[in-house]
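Visitor: Going down the list, the sequences are from chains A and B. If you number the first sequence the way our numbering does, the last residue is 307 and the count never jumps. If you number the second sequence the way our numbering does, the last residue is 1420 and the count never jumps. Quick one: the structure is below, questions incoming.
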Amino acid sequence: MIKHLRSAADLDAATATLILDTAAEMAALAGREVKKLPTLRGRTVVNLFYEDSTRTRISFEAAAKRLSADVINFSAKGSSVSKGESLKDTALTLQAMGADAVVIRHSASGAPHRLASWVDGSVINAGDGTHEHPTQALLDAYTMRSRLGRLDGLKVAIVGDVLHSRVARSNVLLLSTLGAQVTLVGPPTLIPVDIAAALEPKTKVSYDLDSVLPDMDVVMMLRVQTERMQDSYFPSAREYSRRYGLDLARMRKLPEHAIVMHPGPMNRGMEITPEVADSSRSTIVEQVANGVSARMAVLYLLLGGKA
Amino acid sequence: MSGFLLKGVSVVGGAPTDLVIRDGVISADKSGAEVIDAAGLVALPGLVDLHTHLREPGREDAETVETGSRAAALGGYTAVCAMANTSPVADTAGVVEQVWRLGREAGLVDVQPIGAVTVGLAGKQLAEVGAMATSAANVRIFSDDGFCVADPRLMRRALEYVKAFDGIIAQHAEEPRLTEGAQMHEGEVSTRLGLTGWPAVAEEAIIARDVLLAEHVGSRLHVCHVSTAGSVEVLRQAKARGVRVTAEVTPHHLLLTDELAASYDPVFKVNPPLRTSSDVAALREALVEGVIDVVATDHAPHAVEDKECEWAYARPGMLGLETALSIVISVLGERWDLIADRMSRTPARIAGLAGHGTDLAVGSPANLTLVDPSARRVVDPAELASRSRNTPYSGTTLPGRIVATFLRGEPTVLDGKAVK
């Protein structure tokens, strides 16, 4: 088993599949009255969050607690340089406290890589800047597999602000590793340069959502921040949703079985309309539940549990 | 002391001969000179760096004029041009004279201050460049390095104004609006790493504009740290048209690529950023061809805490003085005349440093360095003379070792060690 999960690229197909299979076992646990396993008793998991992210933090916290680990929540708002202690000093502190795993959320891309060079425990990336969010990709893959029965050969469109999206990067890497075919869709300004060469050569890019939808098994809508229009990535929220938002009319272009995903938090009315978000095709609430199972599987396997 | 006799030395790669250093000049009089066995060693005119950050005044924790001078001498340099982005900025006669005087006191290399183009490097108002030119520091090169003189009208005026005293504007070519938040070269690797890209066009667009401005007003332009293949093409065309433009490349841009950022170790963060292998190839070719005139280090010392952090929060820049010649040897091979040209003669001419970059003929100032090309060394940051440790070559084996350096006949380095 790998020691750290810094990038979805750390996972080969066998390891990723093992995590998804383990997550399924963990999910079965959630149906029981007592939702706890003794596996990580006496182990310490630190949630080191430099960015506000209630949903990801409580997901990791629930995951660690269901495995009986001791959980320390360390929220350090603001940049490490401008305020207070440096990341390295924080790392040395956690090291001295005997953290077996550090779950880090940070606004700087690569912060988990730096952290891993300063601590002995496992480092789990819970979102770093505009780089990656590998456990999100795992829970997304898990959700697709549970709904559609497979990942190999699935056609997945990821739509929106790919440039600034750590979710998109991790999903492209993981889904490709597991045999899915990813198409990135968005305005050219929000599709990063050389994306296919950078991540996975078979990744497709389209600027036209309508032409892509009829062929998809999954469409994953990314959050688009309205501030992006100040930077001329697109002219207005209205034009964005007209060209790239998922509404009922567009959803009807999808095949019958296709599902609609969103990593949250959503901008209802911007990239997705409420009717779509709340439709039966939407997996948005499921994704949250699956997040706990996927993170339990990651903690369990990285900290030396056996499947 | 009655001088040194370098016995059996190869002068700029020539057949073994004897070279006598006496009374500050190259001499023919061997009598009583201390003999240094220089068999197998190569003498080069003392290296001249057009682009050094000495950090004093302001960041003496990262480097001082003295520690930077020692690093320079150990790297084979006899003159360095100290960049203006100190604190306070070298935008007045007072600050440039202070740096110049500190250089004289250290006495290890000639420290030639560069003056700021604009007050506080803010890009708004021309600094008193004339006062700096007529100061004791005798400034001829002006640069806002670290920042681009982005305002085209201000750049035009600066180019024009310094003609009065044969000054030269050294431009840090970076269109600021195209590089907001930029962390590394924009391309495949930046996309993979999720780091904001610094597109090549942000450099090329400014160089293209500036060569046109220099041509329009008939002024001298120097382009700092050229880093892209596209910039080389712009320079090639400008030179073919007769524009008075010179350009430099750093050792690291001749060797390292953006792939190194994958470690997220900010020791590889530098501005302009490391580019792709095809850029590296184009820069090497341009240096050999002369489209790029000189190698300049952009020696940029940084305190440990400014590098031991997240990539985005780290300061850009890497050490260069003590490894530059080795990198150039590994890139160009032992082409000594070419190396002497790109690292000594041409930079001395651009900076107007009389007495530097001259041939080692009888009667010439004895500014020279002695290299052992057969030596190999493993770079150990702890052993560097610089006060900082941010070398990208830690643990790398490099060819060549500086055995001795002489400044006006006085040894600053002997047996590979600084004499003071």
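For each residue, glycine too, the CB sits at the ideal point set by N, CA and C.
Taking 8 Å as the cut-off, decide whether the C-beta atoms of residue 1429/B and residue 1043/B are in contact.
Guide: The shown model of chain B, from 1001 to 1420, leaves out residue 1429/B, and the question about it has no answer.
Visitor: Report yes or no: is there a C-beta of chain A within less than 8 Å of the C-beta of residue 1263/B?
Guide: On the second sequence, position 263 is the one that residue 1263/B refers to. So, interface residue.
Visitor: Return the CA-CA distance between residue 1272/B and residue 1171/B, expressed in angstroms with no decimal places.
Guide: In the second sequence, counting from the first residue as 1, residue 1272/B sits at position 272. In the second sequence, counting from the first residue as 1, residue 1171/B sits at position 171. Going from the Cα of residue 1272/B to the Cα of residue 1171/B covers about 12 Å.
Visitor: For the alpha helix (DSSP H) holding residue 1094/B, just list the boundary residues, first then last.
Guide: Here residue 1094/B refers to the residue found at position 94 when the second sequence is read from its first residue. Per DSSP, residue 1094/B belongs to the alpha helix (DSSP H) from 1093-1106.
Visitor: Whole angstroms are fine: how far does the CA of residue 1072/B sit from the CA of residue 1405/B?
Guide: On the second sequence, position 405 is the one that residue 1405/B refers to. On the second sequence, position 72 is the one that residue 1072/B refers to. Whole-angstrom Cα-Cα distance: 10 Å.
Visitor: Determine the DSSP secondary structure at residue 1053/B, reduced to helix, strand or coil.
Guide: The sequence position of residue 1053/B within the second sequence is 53, counting from 1. Reduced to three states, the DSSP call for residue 1053/B is coil.
Visitor: With 16 as the cutoff for other CB atoms within 10 Å, does residue 1277/B come out buried or exposed?
Guide: Taking the first residue of the second sequence as 1, we reach residue 1277/B at position 277. So residue 1277/B counts as exposed.
Visitor: Under 8 Å, Cβ to Cβ, is there at least one residue of chain B near residue 206/A?
Guide: The sequence position of residue 206/A within the first sequence is 206, counting from 1. Chain B, which has no Cβ nearer than 8 Å to the Cβ of residue 206/A, makes this no.
Visitor: What distance in whole Å lies between the Cβ atoms of residue 1090/B and residue 1106/B, which are believed to be in contact at a cut-off of 8 Å?
Guide: Counted from its first residue, the second sequence places residue 1106/B at position 106. Counted from its first residue, the second sequence places residue 1090/B at position 90. The Cβ separation is near 17 Å, so there is no contact.
Visitor: Using a 10 Å radius around the Cβ and a threshold of 16 neighbouring Cβ atoms, would you call residue 140/A buried or exposed?
Guide: Locating residue 140/A in the first sequence gives position 140, counting from the first residue. Buried.
Visitor: By DSSP, does residue 234/A sit in helix, in strand, or in coil?
Guide: On the first sequence, residue 234/A is found 234 positions in, with the first residue counted as 1. DSSP places residue 234/A in coil when its eight states are reduced to three.
Visitor: Which term fits residue 84/A, buried or exposed, when burial requires 16 or more other beta carbons within 10 angstroms of its beta carbon?
Guide: Reading the first sequence from its first residue, position 84 is the one you call residue 84/A. Per the 10 Å Cβ criterion, exposed.
Visitor: Can you find a heavy atom of the ligand COA that lies under 7 Å from the Cβ of residue 269/A?
Guide: Of ligands this structure carries none, so the ligand COA is not represented either.
Visitor: Sorted by chain position, which residues of the same chain lie with C-beta nearer than 6 Å to residue 1390/B's C-beta, five sequence neighbours on each side aside?
Guide: As a working note, residue 1390/B is residue 390 in the second sequence. If we look at residue 1390/B and ignore the five residues flanking it on each side, its Cβ neighbours are 1267, 1302, 1307, 1318, 1319.
Visitor: Could you check whether residue 1323/B and residue 1398/B sit closer than 8 Å to each other, using their CB atoms as the reference points?
Guide: Taking the second sequence and counting its residues from 1, one reaches residue 1398/B at position 398. Taking the second sequence and counting its residues from 1, one reaches residue 1323/B at position 323. Cβ distance < 8 Å, so residue 1398/B and residue 1323/B count as in contact.
Visitor: Secondary structure at residue 221/A, three-state DSSP: helix, strand or coil?
Guide: Position 221 of the first sequence holds residue 221/A. Strand, per DSSP.
Visitor: So with Cβ pairs under 8 Å, would you call residue 1411/B a contact of chain A?
Guide: On the second sequence, residue 1411/B is found 411 positions in, with the first residue counted as 1. No, its Cβ sits nowhere closer than 8 Å to a Cβ of chain A.
Visitor: Around the C-beta of residue 88/A, are 16 or more other C-beta atoms found within 10 angstroms, so that it is buried, or is it exposed?
Guide: Taking the first sequence and counting its residues from 1, the one referred to as residue 88/A is at position 88. Counting Cβ neighbours within 10 Å, residue 88/A comes out buried, since at least 16 surround it.
Visitor: I want to verify the contact list: residues of chain B whose CB lies under 7 Å from the CB of residue 161/A, in sequence order.
Guide: Position 161 of the first sequence holds residue 161/A. By Cβ distance, chain B contributes nothing, its closest Cβ being about 13 Å from residue 161/A, past 7 Å.
Visitor: Let me know the secondary structure DSSP gives residue 1018/B once reduced to three states.
Guide: The residue given as residue 1018/B occupies position 18 in the second sequence. Strand at residue 1018/B.
Visitor: Let's see if you can read the secondary structure: which residues bound the beta strand (DSSP E) around residue 1009/B?
Guide: For the purposes of this step, residue 1009/B is identified with residue 9 of the second sequence, where counting begins at 1. Taken as a continuous stretch (DSSP letters only), the beta strand (DSSP E) holding residue 1009/B covers 1004-1011.
Visitor: Which ranges does the alpha helix (DSSP H) cover as unbroken runs of at least 4 residues, wholly within the region 1106-1143 of chain B, from first to last along the chain?
Guide: Correct list: 1129-1134.
Visitor: If you run the structure through DSSP and keep just helix, strand and coil, what is residue 1067/B?
Guide: Your numbering for residue 1067/B matches position 67 in the second sequence. Residue state, collapsed to three classes: helix.
Visitor: Pull the bridge partners of residue 1197/B from the DSSP assignment, please.
Guide: As a first step, residue 1197/B is located in the second sequence; it is residue number 197 there, counting from the start. The partner list for residue 1197/B (beta bridge, DSSP) reads 1184/B.
Visitor: Report the neighbours of residue 1193/B on chain A: residues whose CB is nearer than 8 Å to its CB, in chain order.
Guide: Residue 1193/B sits at position 193 when you count from the first residue of the second sequence. Those are 109, 110, 131, listed as they occur along chain A.
Visitor: How should residue 80/A be labelled, buried or exposed, when 16 other C-beta atoms within 10 angstroms of its C-beta is the threshold for buried?
Guide: By one-based count along the first sequence, residue 80/A stands at place 80. Residue placement at residue 80/A is poorly supported in this model, since its pLDDT is 48, which falls under 50; the coordinates still yield a value, given next. Answer is buried; the Cβ neighbour count reaches 16.
Visitor: Looking at chain B, which residues of the region 140-172 of chain A have a Cβ within less than 7 Å of any of its Cβ atoms?
Guide: Listed by position along the chain: 166, 169.
Visitor: Compare the C-beta of residue 1175/B with all C-beta atoms of chain A and state if any pair is closer than 8 Å.
Guide: As a working mapping, residue 1175/B is identified with position 175 in the second sequence. Not closer than 8 Å to any Cβ of chain A, the Cβ of residue 1175/B fails to qualify, so no.
Visitor: Please report the straight-line C-alpha distance between residue 1125/B and residue 1162/B, rounded to a whole angstrom.
Guide: Taking the second sequence and counting its residues from 1, one reaches residue 1125/B at position 125. Taking the second sequence and counting its residues from 1, one reaches residue 1162/B at position 162. Cα to Cα, residue 1125/B sits roughly 14 Å from residue 1162/B.
Visitor: Considering only the beta carbon of each residue, do residue 1110/B and residue 1078/B sit closer than 8 Å?
Guide: Position 110 of the second sequence holds residue 1110/B. Position 78 of the second sequence holds residue 1078/B. Yes, the Cβ-Cβ distance between residue 1110/B and residue 1078/B is below 8 Å.
Visitor: For the alpha helix (DSSP H) containing residue 1077/B, list its first residue and its last residue.
Guide: Residue numbering aside, residue 1077/B sits at position 77 when the second sequence is read from its first letter. Note, residue 1077/B: premise wrong, no alpha helix (DSSP H); beta strand (DSSP E) at 1077-1082.
Visitor: Which partner residues of residue 73/A appear in the DSSP bridge assignment?
Guide: Indexing the first sequence from 1 puts residue 73/A at position 73. DSSP, once it has assigned bridges, lists 47/A as partnering residue 73/A.
Visitor: Using a Cβ cut-off of 8 Å, pull out every chain A residue sitting near residue 1230/B, in sequence order please.
Guide: Residue mapping note: residue 1230/B aligns to position 230 of the second sequence, counting from 1. Those do not exist, as residue 1230/B stays about 15 Å from chain A at its closest Cβ, beyond 8 Å.
Visitor: Between residue 1247/B and residue 1210/B, how many whole angstroms is the CB-CB distance? I'm expecting something under 8 Å.
Guide: Numbered from its first residue, the second sequence carries residue 1247/B at position 247. Numbered from its first residue, the second sequence carries residue 1210/B at position 210. That pair is no contact at about 11 Å.
Visitor: According to a CB-to-CB cut-off of less than 7 Å, which residues of the region 190-201 of chain A neighbour chain B?
Guide: Cβ contacts with chain B come from 192, 193, 194, 195, 197, 198, 199.
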